[in-house]
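Undergrad: Which chain is which? The protein sequence lines are A and B, in order. Note that my numbering has the first sequence beginning at 1, numbered continuously upward. Note that my numbering has the second sequence beginning at 165, numbered continuously upward. Glycine is no exception: its CB is placed at the ideal position from the N, C-alpha and C atoms. Below is a structure I'd like to ask you about.
2 protein chains.
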Amino acid sequence: MDTKGFAKHDHRACIVDMIAVAEAYSAANKVQFTPVRRRVLELLLEDHKALGAYDVLERLVKEGYGSQPPVAYRALDFLVKHGFAHKIERLNAYIACAHPQKIHAPAFMICRQCKAIAETMTTPTKGPFNQAAEEAGFQIERTVFEAEGLCPKCVSGGAPREVS
Amino acid sequence: MDTKGFAKHDHRACIVDMIAVAEAYSAANKVQFTPVRRRVLELLLEDHKALGAYDVLERLVKEGYGSQPPVAYRALDFLVKHGFAHKIERLNAYIACAHPQKIHAPAFMICRQCKAIAETMTTPTKGPFNQAAEEAGFQIERTVFEAEGLCPKCVSGGAPREVS
DNA sequence: TCTATTGACGTTATATTATAACATCTCTAG
DNA sequence: CTAGAGATGTTATAATATAACGTCAATAGA
Chain A
1 MDTKGFAKHD HRACIVDMIA VAEAYSAANK VQFTPVRRRV LELLLEDHKA LGAYDVLERL
61 VKEGYGSQPP VAYRALDFLV KHGFAHKIER LNAYIACAHP QKIHAPAFMI CRQCKAIAET
121 MTTPTKGPFN QAAEEAGFQI ERTVFEAEGL CPKCVSGGAP REVS
Chain B
165 MDTKGFAKHD HRACIVDMIA VAEAYSAANK VQFTPVRRRV LELLLEDHKA LGAYDVLERL
225 VKEGYGSQPP VAYRALDFLV KHGFAHKIER LNAYIACAHP QKIHAPAFMI CRQCKAIAET
285 MTTPTKGPFN QAAEEAGFQI ERTVFEAEGL CPKCVSGGAP REVS
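Right, dumping it as structure tokens:
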């Protein structure tokens, strides 16, 4: 696994780069990187937190885009479909992809305390499921890997232990 | 991973055993394995498919239990909390645990065609996340591992390839 | 150039999943 | 015999998601 982790990074560059990659990809693949879609990607990149569809919608409404759920869901679906965002199933929320346009099976570490999320990537052919799947004759098409717990900061900050 | 897989099994025994285990556990841990809870576990075991909370509720209503969502959710929460069921995040649905009372990080293979689900277990200390988590200093408390694809039967039955 | 198709976006309406908050009952610990 | 805990039931509402339809703009073929 190639860990991106919870470390800081050059955030301005990160946004600019992602948008550029998305534009190039869209041109190359003849799909439309429209204003809503771009804006939603920017929102997701803004602080690398997972946003719910309705959080996104709220922002879009304020900025004069359509006001109904499908507007947000469709933009998010586009981003997910083309690999610029992932859905965090555990949170019913969406997050920008940290490894755009690389073929990968994304995996997430979700801090229950501060809500930070780190994406790490597993290789699709050597992921944790592959042996079991092969033995079973199961043909994997998509995977969801999500770990919940405490990020480094919250561990050392003495977050309360999980209650049962 | 210890694959349970998509194979057939002695289903009658499977139900009887699980209920017995749940009873023993509940007695030992001084929690109440009440009629609703038992019934919901039976429902989940009935055909090893994942059931939504409202599917469960529908059955409960017919059988004279309470008719409101919390009735189902509370029973399901109990079963999940004590390790007799898991939630499949991808499906917002619940399934009986295949390895009750063993400490494990469950992983699922979900057939998108026939909806069959197999649970395999990973060891919590050697699971796919552990190296990445350790490097990152992340303290794992819970994991979600779900693979979607085609089960052996549906692969050989010539299920249509996934569409993008 | 015209026109048929496609894809995007907007809407209304509704479906699906989940929880908050409160009343009642039963069991048990004191 | 009574206080508290925990289980069940209720009403009400919140949060998440999609179906279905109209319009418009870009595009590809005739």
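Could you list which residues in chain B have their beta carbon closer than 8 Å to that of residue 150 of chain A, in chain order?
TA: 302, 303, 305
Undergrad: For chain B, is any of its Cβ atoms less than 8 Å away from the one on residue 129 of chain A?
TA: Closer than 8 Å: yes.
Undergrad: Express the C-alpha separation of residue 230 of chain B and residue 108 of chain A in angstroms, rounding to a whole number.
TA: 38 Å
Undergrad: Note down the Cα distance separating residue 240 of chain B from residue 24 of chain A, rounded to an integer number of angstroms.
TA: CA-CA distance, residue 240 of chain B to residue 24 of chain A, rounds to 47 Å.
Undergrad: Taking only beta carbons into account, state which residues of the stretch 83-95 of chain A come closer than 8 Å to chain B, listed in chain order.
TA: 89, 90
Undergrad: Give the C-beta separation of residue 250 of chain B and residue 233 of chain B to the nearest angstrom, bearing in mind that I take them to be a contact with Cβ-Cβ under 8 Å.
TA: Contact doesn't hold; Cβ gap of about 20 Å is too wide.
Undergrad: Using a 10 Å radius around the Cβ and a threshold of 16 neighbouring Cβ atoms, would you call residue 16 of chain A buried or exposed?
TA: exposed
Undergrad: From B/248, B/172, B/224, B/295, pick the residue whose C-alpha is nearest to that of residue 186 of chain B; which is it?
TA: B/248
Undergrad: Taking 8 Å as the threshold (C-beta atoms), are residue 90 of chain A and residue 283 of chain B in contact?
TA: no
Undergrad: Quick one: residues in its chain with C-beta nearer than 6 Å to the C-beta of residue 36 of chain A, no 5 flanking neighbours on either side, listed in chain order?
TA: 65, 75
Undergrad: Going by other Cβ atoms of all chains shown within 10 Å of its Cβ, with 16 needed for buried, is residue 313 of chain B buried or exposed?
TA: buried
Undergrad: What in chain B is Cβ-close to residue 155 of chain A, meaning under 7 Å?
TA: 301, 303
Undergrad: How about residue 146 of chain A: is its C-beta nearer than 8 Å to some C-beta of chain B?
TA: Judged by the 8 Å Cβ criterion, residue 146 of chain A is in contact with chain B.
Undergrad: Compute the distance between the beta-carbons of residue 311 of chain B and residue 147 of chain A, then report whether it is under 8 Å.
TA: no
Undergrad: Any chance the CB of residue 260 of chain B is under 7 Å from a heavy atom of the ligand MN?
TA: Among the components modelled here there is no ligand, and therefore nothing to report on the ligand MN.
Undergrad: Buried or exposed: which applies to residue 171 of chain A, given that a residue is buried once 16 or more other Cβ atoms fall within 10 Å of its Cβ?
TA: Outside the displayed span of chain A (1 to 164) sits residue 171 of chain A, for which this structure offers no information.
Undergrad: On the three-state DSSP scale, how would you describe residue 318 of chain B?
TA: helix
Undergrad: If you measure beta-carbon to beta-carbon, which residues of the stretch 194-219 of chain B are closer than 9 Å to chain A?
TA: Contact annotation: in the stretch 194-219 of chain B, no residue has its CB less than 9 Å from a CB in chain A.
Undergrad: Counting only the same chain and skipping the five closest in sequence on each side, list residues whose C-beta sits under 7 Å from that of residue 26 of chain A.
TA: 32, 33
Undergrad: Please state whether the Cβ-Cβ distance between residue 224 of chain B and residue 259 of chain B is less than 8 Å.
TA: no
Undergrad: For residue 264 of chain B, which residues in the same chain have their Cβ closer than 7 Å to its Cβ, ignoring the five residues on either side in sequence?
TA: 182, 185, 247, 248
Undergrad: Give the range of the alpha helix (DSSP H) segment to which residue 86 of chain A is assigned.
TA: Taken as a continuous stretch (DSSP letters only), residue 86 of chain A belongs to no alpha helix (DSSP H), being part of the beta strand (DSSP E) at 85-88.
Undergrad: To the nearest whole angstrom, what separates the beta carbons of residue 123 of chain A and residue 145 of chain A, a pair I think is in contact under 8 Å?
TA: Not quite, the Cβ-Cβ distance comes to about 12 Å (not below 8 Å), so this is no contact.
Undergrad: Would you grab the beta carbon distance between residue 137 of chain A and residue 319 of chain B for me? Rounded to a whole angstrom, and I think it's under 8 Å.
TA: 7 Å
Undergrad: Could you round the C-beta distance between residue 53 of chain A and residue 28 of chain A to whole angstroms and report it? I think they count as a contact, below 8 Å.
TA: With a Cβ gap of about 28 Å, residue 53 of chain A and residue 28 of chain A do not count as contacting.
Undergrad: Could you work out which residue in A/111, A/131, A/49 is closest to residue 153 of chain A when comparing CA atoms only?
TA: A/111
Undergrad: Residue 242 of chain B CB to nearest chain A CB: under 8 Å?
TA: For residue 242 of chain B, not one C-beta of chain A is nearer than 8 Å to its own C-beta.
Undergrad: Taking buried to mean at least 16 other C-beta atoms within 10 Å of its own C-beta, is residue 11 of chain A buried or exposed?
TA: For residue 11 of chain A, the number of other beta carbons within 10 angstroms of its own is below 16, and it is reported as exposed.
Undergrad: Using only the alpha-carbon positions, how far apart do residue 267 of chain B and residue 9 of chain A sit?
TA: For the pair residue 267 of chain B and residue 9 of chain A, the Cα-to-Cα distance works out to about 37 Å.
Undergrad: Comparing alpha-carbon positions, which option in A/49, A/30, A/157 lies nearest residue 92 of chain A?
TA: A/49
Undergrad: According to the neighbour-count rule (16 or more other Cβ atoms, all chains shown, within 10 Å of its Cβ), is residue 295 of chain B buried or exposed?
TA: Exposed, by the Cβ-count rule.
Undergrad: Under the assumption that residue 6 of chain A contacts residue 151 of chain A (Cβ atoms under 8 Å), give the Cβ distance between them as a whole number of angstroms.
TA: 5 Å
Undergrad: Across which residues does DSSP place residue 309 of chain B in a beta bridge pair?
TA: For residue 309 of chain B, which the question treats as bridged, DSSP gives the partners A/145, B/271.
Undergrad: Could you check where the alpha helix (DSSP H) with residue 189 of chain B kicks off and where it finishes?
TA: 175-193
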